[in-house]
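Residue numbers (my numbering): 198 to 382.
Just so it is clear, CB atoms sit at the ideal spot from N, CA and C, and this is done for glycine as well.
These numbers come from a predicted model, not from an experiment.
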Amino acid sequence: YCILVSAFLIIWKIYCILVSAFLIIWKIYWILVSAFLIIWKIYWILVSAFLITWKIYWILVSAFLITWKIYCILIYWILVSVSLMIWKIYWILVSVSLITWKIDLLDFGVRFFNYMEDLLDFGVRFFNYMEDLLDFGSVYLIIWKIYWILVSAFLVIWKIYCILVSVYLITWKIYWILVSVSLIL
């Protein structure tokens, strides 16, 4: 009887240890589930941000292409019309008086070259704007890398979860073996 009682107490202690281990694994499981849900929410926030930035990126690219075409057309026709007008004015002024209009012609030429300098400055600012668009593309790549880091973290947590489930099943089997042994005794 004493041997059976001591065996029952040993089995009872092992059972309590297994129950406490099961409770610890259960708490770890719920912590991992909570972490998984948080990562899942962050993942969907990043996916939404990625889709929004992707749409904005393509809108900006489309706007850039449209403005670039308009810019080229306008610059071409403005330069052609301005050059023709300047050519006509130049020959009218030359034909009227070569002496009295020299100073005015020079002043007009200076103002025309200032106008051309402003056009070139506009072109430089436009290309700086495109460089800023390319920097925006690098921000998009950083978001994409963060997304893959979170996916890798999710896969690691999933593997840990599968290991804990396996440990839980093993402890459950040991528990039923001990229960069977106690019933036999």
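Next item on the list: Output the distance between the C-alpha atoms of Ile270 and Trp288, rounded to the nearest integer angstrom.
Entry: 27 Å
Notebook entry, point to check: Could you give the distance in angstroms between the alpha-carbon of Val353 and the alpha-carbon of Trp227?
Noted result: 16 Å
Margin query: I'd like to check one pair, Leu375 with Ile221: are the Cβ atoms closer than 7 Å?
Written below: no
Next item on the list: Determine the closest residue to Ala232 out of Phe247, Ile357, Ser280, with distance taken between C-alpha atoms.
Entry: Ile357
Notebook entry, point to check: So what does DSSP say about Tyr254, is it helix, strand or coil?
Noted result: helix
Note to self: So for Tyr358, helix, strand or coil by DSSP?
What the structure shows: helix
Margin query: With three or more C-beta pairs closer than 8 Å as the rule, is the segment 262 to 269 touching the segment 366 to 375?
Written below: no
Notebook entry, point to check: Anyone know if the C-beta pair for Ile239 and Phe351 falls short of 7 Å?
Noted result: no
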